[in-house]
Amino acid sequence: MPRPDTPLIIALDYPDLDQALVMADRLDPARCRVKVGKELFTRSGPQILEALHARGFEVFLDLKFHDIPNTVAGAVEAAADHGVWMINVHAGGGRRMMEAARERLEKRRLTTHLIAVTVLTSMTREDLAEIGIDDDPLSQVERLAALSQRSGMDGVVCSAQEATALRALCGDTFLKVTPGIRPSASNGDDQRRTLTPARALAAGSTHLVIGRPVTQALDPMAALVDVEHEIGR
Ligand SMILES: O=C(O)c1cc(=O)[nH]c(=O)n1[C@@H]1O[C@H](COP(=O)(O)O)[C@@H](O)[C@H]1O
1 MPRPDTPLII
11 ALDYPDLDQA
21 LVMADRLDPA
31 RCRVKVGKEL
41 FTRSGPQILE
51 ALHARGFEVF
61 LDLKFHDIPN
71 TVAGAVEAAA
81 DHGVWMINVH
91 AGGGRRMMEA
101 ARERLEKRRL
111 TTHLIAVTVL
121 TSMTREDLAE
131 IGIDDDPLSQ
141 VERLAALSQR
151 SGMDGVVCSA
161 QEATALRALC
171 GDTFLKVTPG
181 IRPSASNGDD
191 QRRTLTPARA
201 LAAGSTHLVI
211 GRPVTQALDP
221 MAALVDVEHE
231 IGR
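Read in order, the letters of the sequence shown correspond to residues 1 to 233 in the UniProt record's numbering.
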């Protein structure tokens, strides 16, 4: 199966396997990747990964591990053993945690992409202040992205609003996976640091994570085609 030549990752945020697969069956694995997150994986377990792989999809398993180094290294190894395309940890777990995750994958020669979440796209400067970080999201994202790169991550999750700054800081090949993508007509839901698909790509995002604007649309496929047109695909 050739790698899909697309930056699009569709978030299958559904409460069970059946609903997720109804959506997956309407998508083309040559035109997008899919993301399995905490709710779906907690309900369905690895079965959903097998079902998506059988349909030819590359899967981002988004479980955002954040724990002591030894625990995260084991969790990352278990996730990568499912043969997924990408997995993630929280950069806030620190250098030793990220290095332990990277070392475990290297020891096992597992080639899944390993990236770190910087500042969640739902968070604002005020949210950061409430957890004791008196700084703007961009500065905190830059700090965590630099640490992630030094700790052996392949890239980060950030808002597309920070992608241009991270391109300058970490280079073109460092992955910038950006959720919080909102076509101009849609509302932001619980997201706070958003950008449209076209502006996100122009800013330097390497991958766009899109959930509700597609999955909750009256016609999900039409919504996806609109996004593809917007980014010139
Ligand atoms: O790691 C993620 O994927 C993630 C990080 C982040 O900072 N913000 C964020 O929204 N996400 C995920 O990206 C998806 C965004 O979905 P929508 O807001 O519905 O487009 C959800 O599955 C989130 O769990």
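Each residue gets a CB set at the ideal place from its N, CA and C atoms; glycine is no exception. Quick caveat, the model's predicted, so the values are computed rather than measured.
Under DSSP, Arg-33 shares a beta bridge with Ile-9. Comparing alpha-carbon positions, the option among Ala-217, Arg-95, Leu-120 lying closest to Pro-183 turns out to be Ala-217. Under a 10 Å Cβ-count criterion, Ile-87 is classified as buried, with 16 or more other Cβ atoms of the shown protein chains found around its own Cβ. Using a Cβ distance threshold of 8 Å, Ala-73 and Ala-100 count as a contacting pair.
For Val-209, the Cβ falls inside the 7 Å cut-off from some heavy atom of ligand 1.
For secondary structure counted as the alpha helix (DSSP H) over 4 or more consecutive residues, the stretch 33-64 holds these complete runs in sequence order: 38-44, 47-54. Pairing Thr-194 with Asp-5, the inter-Cα distance amounts to about 24 Å. Proximity of the beta carbon of Asn-70 to ligand 1 is not indicated: no heavy atom of the ligand is located closer than 7 Å. With respect to the 8 Å criterion, Val-157 and Lys-35 are not classified as neighbours on the basis of their beta carbons. For a cut-off of 8 Å, the C-beta gap from Val-117 to Ala-146 is around 15 Å, too long to register as a contact. Counting the other CB atoms within 10 Å of its CB gives Arg-104 a total of 16 or more, which places it among the buried residues. In the DSSP annotation of this structure, the continuous segment of the beta strand (DSSP E) that includes Asn-88 starts and ends at 86-90. Judged by DSSP secondary structure, Gly-204 falls outside any alpha helix (DSSP H); it is assigned neither H nor E. Annotation: Leu-114 to Leu-8 spans about 18 Å, alpha carbon to alpha carbon. If one requires a minimum length of 4 residues, the alpha helix (DSSP H) runs lying completely within the stretch 123-193 are 125-130, 137-150, 163-170, in chain order.
Counted as a single uninterrupted DSSP element, the beta strand (DSSP E) harbouring His-113 occupies residues 113-117. Under the Cβ criterion (8 Å, minimum of three pairs), the stretch 189-203 does not count as touching the stretch 11-29. Short note on Pro-213: C-beta closer than 7 Å to some heavy atom of ligand 1. Beyond the five residues adjoining it in sequence on each side, Arg-109 comes within less than 8 Å, by CB distance, of no other residue in the same chain.
Taking all protein chains shown into account, Gly-232 has fewer than 16 neighbouring C-beta atoms within 10 Å of its C-beta and is therefore exposed.
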